[in-house]
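Taking my numbering, the leading residue of the sequence shown gets 128, the next gets one more, and so forth. Think of the CB as a built atom: it goes at the ideal place given N, C-alpha and C, for glycine as much as any other residue. Below is one structure, written out as structure tokens, with a few remarks after it.
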Amino acid sequence: GKIEAVKGISFTVEAGQVVTLIGTNGAGKTTTLRTLSGLLKPLAGTITFDGQPLHKYRADQIVALGLAHSPEGRH
């Protein structure tokens with residue numbers, strides 16, 4: 128079966144805010160950020176940006192909107 132990495136998340140970010148996600152390993156941070164940045168498609172639910180469904184945008188358009196996923200460096 129499918130694994131639900133993230134379920135029931137909801138938040139609002141105001142213009143000009145910088146937001147970080149913190150949590151334990153396996154909490155869904157990377158999945159959330161990959162979905163917000165257009166690298167993954169949600170299995171259910173809706174992600175909106177300025178009232179528009181985010182799935183209408185390509186990943187490069189999402190970056191142009193100011194949404195980006197900056198993964199932690201690996202050493």
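Per the DSSP secondary-structure output, residue 144 pairs with nothing in a beta bridge. Sixteen is the threshold: when 16 or more other Cβ atoms of the shown chains lie within 10 Å of the Cβ of residue 165, as they do, the residue is buried. Contact between the stretch 157-175 and the stretch 188-200 is present: 3 or more CB-CB pairs across the two stretches fall below 8 Å. Residue pairing from DSSP places residue 180 in a beta bridge opposite 175. The C-beta separation of residue 151 from residue 133 comes to about 14 Å, leaving the pair out of contact by the 8 Å criterion.
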